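Written out below as structure tokens is the structure these notes cover.
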Amino acid sequence: MEKFMSRLYKTTGLLGLMIAVSLCAPRQAEAINAELAKKCREKSMAAYPLMTTGGKQTNAKEREVYFRNCLNNNGNVDR
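Just so we're on the same page, this note's numbering is the position in the sequence shown counted from 1, plus 132.
Structure below.
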């Protein structure tokens, strides 16, 4: 009986470890499509144009962050 319980605990522990690892594994990101990329590019260029009316250049990093947020939210970005 003791041998059976030892084996049961070992099997249960191994199964629990496998479940924990599978739940913690990173998921693959979905590939973006061309329509979403174009939509997000248009939105980012509208939000952060290359040159503003006063001649002040906008930050390319801000535009990139906006674009990435747009992609991550499937085109729905709130400023």
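Ideal placement from N, C-alpha and C gives every residue a C-beta, glycine not left out.
Keep in mind that this is a model prediction, so the values were computed, not measured.
Rounded C-alpha distance that separates residue i from residue j
{"i": "residue 153", "j": "residue 164", "result": "27 angstroms"}
{"i": "residue 208", "j": "residue 175", "result": "10 angstroms"}
{"i": "residue 213", "j": "residue 206", "result": "Residue numbering for the chain in the displayed model covers 133 to 211; residue 213 lies beyond these limits and cannot be assessed."}
{"i": "residue 168", "j": "residue 155", "result": "29 angstroms"}
{"i": "residue 217", "j": "residue 148", "result": "The shown model of the chain, from 133 to 211, leaves out residue 217, and the question about it has no answer."}
{"i": "residue 137", "j": "residue 200", "result": "52 angstroms"}
{"i": "residue 144", "j": "residue 158", "result": "24 angstroms"}
{"i": "residue 133", "j": "residue 150", "result": "26 angstroms"}
{"i": "residue 202", "j": "residue 171", "result": "9 angstroms"}
Reduced DSSP category for residue i - H, G, I as helix; E, B as strand; rest coil
{"i": "residue 133", "result": "coil"}
{"i": "residue 209", "result": "coil"}
Selected residue, minimal CA-CA separation from residue i, among the options
{"i": "residue 162", "options": "144, 156, 194, 204", "result": "204"}
Touch test, the stretch 166-181 against the stretch 193-209, Cβ-Cβ under 8 angstroms, three pairs minimum: yes
Every unbroken alpha helix (DSSP H) within the stretch 158-207, with a cutoff of 4 residues, ordered by chain: 166-179, 192-204
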